[in-house]
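A short worksheet on the structure shown next.
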Amino acid sequence: MKKLLEFGRKAMFYVRVLSGYEERRIRSYRLKLQKHLQQSEERKATLKKIPEQMILSEVRRMVEEMQALNKKLEETWSVRWAVLKDLDLDDNALCLLKETSLLIVVMTYERLNDCMLVPRRQLLKIIMKMQLDGEEKTMREMVKAMQARALLEKAEADRIAAIKNAEANQHVQEKTSASTAQVEVR
Numbered sequence: 001m002k003k004l005l006e007f008g009r010k011a012m013f014y015v016r017v018l019s020g021y022e023e024r025r026i027r028s029y030r031l032k033l034q035k036h037l038q039q040s041e042e043r044k045a046t047l048k049k050i051p052e053q054m055i056l057s058e059v060r061r062m063v064e065e066m067q068a069l070n071k072k073l074e075e076t077w078s079v080r081w082a083v084l085k086d087l088d089l090d091d092n093a094l095c096l097l098k099e100t101s102l103l104i105v106v107m108t109y110e111r112l113n114d115c116m117l118v119p120r121r122q123l124l125k126i127i128m129k130m131q132l133d134g135e136e137k138t139m140r141e142m143v144k145a146m147q148a149r150a151l152l153e154k155a156e157a158d159r160i161a162a163i164k165n166a167e168a169n170q171h172v173q174e175k176t177s178a179s180t181a182q183v184e185v186r
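Written out as structure tokens, the structure reads:
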């Protein structure tokens, strides 16, 4: 019964190999892995675009804030300018006062932007790195799984080939022993 089952298994393997089923199965698995790798590359590209978009939106927001600040400064300076003119200061002193206070405001605003943007950029870099590391890890695992499967299939094919060779050798030995037995009988 075991020989019959073994013969059936071998026959099914031959049928699968001859019909191309095994080759199609391996090819479909390889295509599936390639498709997954391509999708992960696309996700990687979109992840690279996300920080750029976030930075651009942050820059737009900062520009809007600066424009609003400039507008407020102009309004404030128009009121202050009127007050300073009432003090009868000369034009050089007024311009110097205006430039000095504007410089202080701009330096303060730049310092605030540095304090706000640097941590966000670092956070974005950390998030991107974590996501990319995760993608690379899954790709490596998939490649290892594919290699392991290929090795198992090769080992199985080698084992089957060795069994066939052993059976063929045994069959040849049986024939030679049968023919020598016939020669001895004569």
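Numbering (full-length UniProt numbering), first residue to last: 1 to 186. Glycine included, every Cβ here is placed at the ideal spot set by N, Cα and C.
{"query": "Whole angstroms is fine: what's the gap from Lys-71's alpha carbon to Met-62's?", "result": "14 Å"}
{"query": "Alpha carbons only, please: which of Leu-33, Leu-47 and Gln-173 is nearest the one belonging to Gln-147?", "result": "Leu-33"}
{"query": "Given a cut-off of 8 Å on the beta-carbon distance, is the pair Met-130 and Ser-40 in contact?", "result": "no"}
{"query": "Determine the closest residue to Ile-127 out of Lys-44, Arg-24 and Ala-161, with distance taken between C-alpha atoms.", "result": "Lys-44"}
{"query": "Alpha helix (DSSP H) containing Gly-8: first to last residue?", "result": "2 to 19"}
{"query": "Would the C-beta of Glu-22 count as close to the ligand ZN, meaning under 7 Å from any of its heavy atoms?", "result": "Among the components of this structure there are no ligands whatsoever, and the ligand ZN is therefore not found."}
{"query": "Measure the alpha-carbon distance for Ala-168 versus Arg-24 and round it to whole angstroms.", "result": "29 Å"}
{"query": "Residues in the same chain with beta-carbon distance under 8 Å from Met-1, minus the five sequence neighbours each way, listed in chain order, please.", "result": "none"}
{"query": "Using the Cα positions of Thr-76 and Val-59, report the straight-line distance between them to the nearest angstrom.", "result": "25 Å"}
{"query": "Verify whether the separation of the beta carbon atoms of Met-54 and Leu-123 is less than 8 Å.", "result": "no"}
{"query": "Does the separation of the CB atoms of Arg-30 and Glu-22 fall below 8 Å?", "result": "no"}
{"query": "Between Phe-7 and Ile-160, how many whole angstroms is the CB-CB distance? I'm expecting something under 8 Å.", "result": "Actually they are not in contact, since the Cβ atoms of Phe-7 and Ile-160 sit about 12 Å apart, beyond 8 Å."}
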